[in-house]
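Asks: Counting from 1, position 114 in the sequence shown corresponds to residue 114 in our numbering; the numbering is continuous, with no gaps.
Yeah, the Cβ is synthetic: ideal placement off N, Cα and C, and Gly gets one too.
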Amino acid sequence: MPKEIEFKFKSPNDSPGYLLGQATMLWQRKLKKVLDPLNLTHTQFVLLAALGWLSKKNNAVTQVDIANQSNADRMMVSKVLRTLKEKKFISRQEHPTDTRAKVIKLTNEGAEALQKALTAVEDADIAFFSALGDDLTSFNQNMVKLTERNKEE
Numbered sequence: 001m002p003k004e005i006e007f008k009f010k011s012p013n014d015s016p017g018y019l020l021g022q023a024t025m026l027w028q029r030k031l032k033k034v035l036d037p038l039n040l041t042h043t044q045f046v047l048l049a050a051l052g053w054l055s056k057k058n059n060a061v062t063q064v065d066i067a068n069q070s071n072a073d074r075m076m077v078s079k080v081l082r083t084l085k086e087k088k089f090i091s092r093q094e095h096p097t098d099t100r101a102k103v104i105k106l107t108n109e110g111a112e113a114l115q116k117a118l119t120a121v122e123d124a125d126i127a128f129f130s131a132l133g134d135d136l137t138s139f140n141q142n143m144v145k146l147t148e149r150n151k152e153e
């Protein structure tokens, strides 16, 4: 008979990692429902949204900028950006000062797709996170803290 498994937490509901994983799966399921009709994956949406945010302040957004903004792996970002280019949602242009980098821009089609997706995702977020009520601000602050403290690992 195998040795009894020892857990640090008394139950799954005492484990923050387990709870975060469960909430993430449910949230991603909700987002998939709203993004599927728009022919976007969650990752494609995240990278388009990162590009949209960055483009508000910077006319020369690069792939590295998008990876950093979204806390995503650079190689994965490269592959997803190729798909977004095939969908005609982004363009790649020469960087004005860095010959190794390309400037990533939303096309008109990409801006339209992003706006539709933002509306759908933000509505889904409001519905999903409404369960937190007045605790939403505190929840967001804690999520920022977790993200900032764990970025470099």
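Ordered along the chain, which non-local residues of its own chain (more than five positions away) have a Cβ less than 7 Å from that of F129?
Replies: L136
Asks: Threshold first: 4 residues or longer. Then list the alpha helix (DSSP H) segments lying entirely within the region 33 to 100, N to C.
Replies: 42 to 55, 63 to 70 and 74 to 86
Asks: Cβ atoms of S55 and V61: under 7 Å apart, would you say?
Replies: yes
Asks: Find the nearest neighbour of L106 within the set W53, K79 and M75, judged by alpha-carbon distance.
Replies: It is W53.
Asks: If you draw a straight line from the C-alpha of I161 to the C-alpha of K116, how long is it?
Replies: Outside the shown range of the chain, which is 1 to 153, sits residue 161, and nothing can be said about it.
Asks: By how many angstroms is the C-alpha of P2 removed from the C-alpha of D125?
Replies: If I take the Cα positions, the gap works out to 43 Å.
Asks: Using a threshold of 7 Å, state whether the C-beta atoms of W77 and I66 are closer than that.
Replies: Sequence check: residue 77 is Val here, not Trp. The beta carbons of V77 and I66 sit closer together than 7 Å.
Asks: Does Q93 pass the burial test, meaning 16 or more other C-beta atoms within 10 Å, or should it be called exposed?
Replies: exposed
Asks: Among residues of its own chain, excluding the 5 on either side of K85, which ones have a beta-carbon nearer than 8 Å to its beta-carbon?
Replies: S91 and R92
Asks: Given this structure, state the Cα-to-Cα distance separating E148 from N108, to the nearest angstrom.
Replies: 33 Å
Asks: Determine the direct distance from the alpha carbon of A72 to that of A127, and round the result to whole angstroms.
Replies: 26 Å
Asks: Please go through the same chain and pick out, in chain order, the residues whose beta-carbon is closer than 8 Å to the beta-carbon of N59, but skip the five residues on each side of it.
Replies: Shown here for N59: same chain residues with a beta carbon closer than 8 Å to its own, the five before and five after excluded, namely V103 in chain order.
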